[in-house]
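Participant: FYI, the numbering for the sequence shown is 70 to 430, going by our numbering. Glycine included, every Cβ here is placed at the ideal spot set by N, Cα and C. Keep in mind it's a predicted model, so treat the numbers as computed, not measured. I'd like to ask you about the structure that follows.
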Amino acid sequence: MKLLHVVGARPNFMKVAPVIRAGQAGGYQQVLVHTGQHYDHAMSEAFFRDLDLPQPDINLEVGSGSHAVQTSGIMVAFEPVLQETAPDWILVYGDVNSTIACALVAAKAGIRIAHVEAGLRSRDRTMPEELNRLLTDQLADLCLTPSRDGDANLRAEGIPESRIQFVGNVMVDTLRHLLNRARDTRTPEKLGLAGGPYVFVTLHRPSNVDVQETLAELLAALDDLAADMPVIFPIHPRTKSRIQQFGLERLASRVRLVEPLGYLENIALVDRARLVLTDSGGLQEETTVLGIPCLTARPNTERPITVSEGTNRLVASTRTAVIEAVHQLLKVPLNGKALRVPEFWDGHAAERIIARLANES
Ligand code: UD1
70 MKLLHVVGAR
80 PNFMKVAPVI
90 RAGQAGGYQQ
100 VLVHTGQHYD
110 HAMSEAFFRD
120 LDLPQPDINL
130 EVGSGSHAVQ
140 TSGIMVAFEP
150 VLQETAPDWI
160 LVYGDVNSTI
170 ACALVAAKAG
180 IRIAHVEAGL
190 RSRDRTMPEE
200 LNRLLTDQLA
210 DLCLTPSRDG
220 DANLRAEGIP
230 ESRIQFVGNV
240 MVDTLRHLLN
250 RARDTRTPEK
260 LGLAGGPYVF
270 VTLHRPSNVD
280 VQETLAELLA
290 ALDDLAADMP
300 VIFPIHPRTK
310 SRIQQFGLER
320 LASRVRLVEP
330 LGYLENIALV
340 DRARLVLTDS
350 GGLQEETTVL
360 GIPCLTARPN
370 TERPITVSEG
380 TNRLVASTRT
390 AVIEAVHQLL
400 KVPLNGKALR
410 VPEFWDGHAA
420 ERIIARLANE
430 S
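In C-alpha cells, the structure reads:
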C-alpha cells in the first residue's frame, strides 16, 4: 500500500507526524508532499525539525495569495505529482486550503482520499476553514474523526456509516509523544517566565485580526492584563502585518510580542501558563489535555468537546469580555476543574488510522 500525505500549513505538521510514524512501523511506502502554503522557517522548517518529520519528497512551493489564487495554484501543481506517484490513498489533514485543494484533485483522478480530523463543524460559513471541512468530507472515501461529535455531524450530512471512522486525535498523539522533550527545552525559564503566573496568547483568525476595531480591542485587553502578569504573544505573520498596517503597535506596549516559536517551545510555554487566550484550533485541544484553562476568542468552535469535557471557554473578542473572563478564571485554582480527557485522545489515533487503511486495501 502506497500512501501520499499532503501538508501545507503549520497545523498540518503536528497531525501528519504520528501518522507517518505509524505508516513506517507498518512498512508502508509513503510520499510526503508539502504544498508550500506556509514557507517561512518559523512556520514550516522549525516544525519539521521539532517533530522529527522527514523532509518532504516534493515541495509545490505555492506560497501565499488570495484563497482562489492559493487553492488553484496548489491544484495545478499537485495534479501531475499525483499522476506520477499514483498512490493507493492520499491523506489530507485538517481544514486548510491545501486540504481541500488536493482532495479535489484526487477525487477527480479517482484516487482514494482519507481525511484526518474529519467531521468538525463550527457551523460558521464565514470561516474559510468551515468551507474546507464541509467540502473535504463530502469528497473523502474515509472520514477519520477525532471525537464522536464529528461522526454525528457527518451522519447528519448524509455521509454513510461505512465512510466514517472514529479514531481519536492525532494532535494529541504528537503532544503525548513530545511533552517531555518540550519540557526539557526549559522555555519558560529561558524567557524569564518561570517565577510566576503568565498568560500565553495566540491570535491569527481573519475575524479577529483582519478587522481593525476587533484587533484593537483584543490588543487593549492584552495590554490591560499585562499590567498584572506577563503576557507572552508569539505573533503569526498575518497578525504582525495587520498590526503594522493598522498602526496599532503602541496599543500593546506592555505585551511581550515575540516571533513565532517552534512546536516544542510553544508546548513548553502552554504547559506552564496560568491561562491561554487563543483563536487557534489546536490550542483548544492541547490545553484540554494539559489541564490549562483556555479562553477562545471566537463566537463558536468546531471543537465543542474541549468546552463540554475540557478546559475551554468561548469569549467575545472585546476588551471588556476578555478582561472579565480572565478575572473569573483567575479566581479558580489551576486544578479547580476536574480534568477529563476526551475518549481516544490517548496517543494512539495514528495507529488506528493505519489499521483502518490496512483493512480497506
Ligand atoms: C492558515 C489556515 C488556517 C490555519 C493557519 C495556521 C487556511 C484557509 N487557513 O491561515 O486555518 O489556522 O494557517 O497558521 O488555509 N505568511 C507568511 N509566511 C508564511 C505563511 C504566511 O508571512 O510562511 C503570511 C502571508 O502574508 C499570508 C498570510 O500570512 O498572506 C496568511 O497566510 P495563509 O496561509 O493564507 O493563511 P493563515 O492565516 O496562515
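Do the stretch 84 to 104 and the stretch 234 to 251 touch if we need at least three Cβ pairs shorter than 8 angstroms?
Facilitator: Yes: at least three Cβ pairs fall under 8 angstroms.
Participant: Pair every Cβ in the stretch 107 to 122 with every Cβ in the stretch 188 to 202, then say whether three or more of these pairs are closer than 8 angstroms.
Facilitator: Output reads no: the stretch 188 to 202 does not touch the stretch 107 to 122.
Participant: Look at the alpha carbon of A337 and the alpha carbon of T357, and state the distance between them as a whole number of angstroms.
Facilitator: Straight-line Cα distance between these residues: approximately 15 angstroms.
Participant: CB-CB under 8 angstroms to T140, same chain, minus the five flanking residues each way: which ones, in chain order?
Facilitator: Around T140: N166, I169, A170.
Participant: Within the continuous alpha helix (DSSP H) that includes R79, where are the two ends?
Facilitator: It spans 79 to 94 - the alpha helix (DSSP H) in which R79 sits, taken as one unbroken run.
Participant: Identify, in the order they occur along the chain, each residue of the same chain with its Cβ nearer than 6 angstroms to the Cβ of A86, setting aside the five sequence neighbours on each side.
Facilitator: L120, L122, T243.
Participant: Using the Cβ count rule (16 or more neighbours within 10 Å means buried), how would you classify H136?
Facilitator: So H136 ends up on the exposed side.
Participant: Give the C-beta separation of G237 and W414 to the nearest angstrom, bearing in mind that I take them to be a contact with Cβ-Cβ under 8 angstroms.
Facilitator: The Cβ separation is near 6 angstroms, so the contact holds.
Participant: Roughly how far, in whole angstroms, is the beta-carbon of S190 from the beta-carbon of E371, given that I think they are within contact range, below 8 angstroms?
Facilitator: The sequence given here has Arg at residue 190, not Ser. About 5 angstroms separates the two Cβ atoms, so the contact holds.
Participant: Three or more C-beta pairs under 8 angstroms: does that hold for the stretch 382 to 401 against the stretch 247 to 265?
Facilitator: Contact fails: fewer than three Cβ-Cβ distances are below 8 angstroms.
Participant: Please confirm whether any heavy atom of ligand 1 lies closer than 7 angstroms to the CB of A307.
Facilitator: Here residue 307 turns out to be Arg, not Ala, going by the sequence shown. Yes - ligand 1 has a heavy atom lying nearer than 7 angstroms to the Cβ of R307.
Participant: May I ask you to list the residues that DSSP assigns as paired with V345?
Facilitator: For V345, which the question treats as bridged, DSSP gives the partners F269, C363.
Participant: Assuming L208 and A176 are in contact, meaning their beta carbons sit under 8 angstroms apart, how far apart are those beta carbons, in whole angstroms?
Facilitator: The pair is a contact, with the Cβ atoms about 4 angstroms apart (cut-off 8 angstroms).
Participant: What do you get for T389, buried or exposed, if any count of 16 or more other CB atoms within 10 angstroms of its CB means buried?
Facilitator: Exposed.
Participant: Locate the alpha helix (DSSP H) running through I422, then write down its first and last residues.
Facilitator: I422 -> alpha helix (DSSP H) spans 418 to 429.
Participant: Indicate the three-state DSSP secondary structure (helix, strand or coil) for H184 in the structure shown.
Facilitator: Looking at H184 - three-state DSSP - the assignment turns out to be strand.
Participant: Tell me which same chain residues have a C-beta within less than 6 angstroms of the C-beta of I233, skipping the five on either side of it?
Facilitator: Only C212, D220, L223 meet the Cβ criterion.
Participant: Which residue marks the beginning of the beta strand (DSSP E) containing T214, and which one marks its end?
Facilitator: First-last of the beta strand (DSSP E) with T214: 211 to 214.
Participant: Buried or exposed: G261, going by 16 or more other Cβ atoms within 10 Å of its Cβ?
Facilitator: G261 comes out exposed.
Participant: At 4 residues or longer, and completely inside the stretch 199 to 284: list those alpha helix (DSSP H) runs for me, N to C.
Facilitator: The qualifying runs are 217 to 225, 239 to 253, 256 to 259, 275 to 278.
Participant: If you measure from the CB of N166, is any heavy atom of ligand 1 nearer than 7 angstroms?
Facilitator: Yes; taking the cut-off as 7 angstroms, the Cβ of N166 has a heavy atom of ligand 1 nearer than that.
Participant: Roughly how many angstroms lie between the CA atoms of Q124 and K400, to the nearest whole one?
Facilitator: Computed Cα separation, rounded: 46 angstroms.
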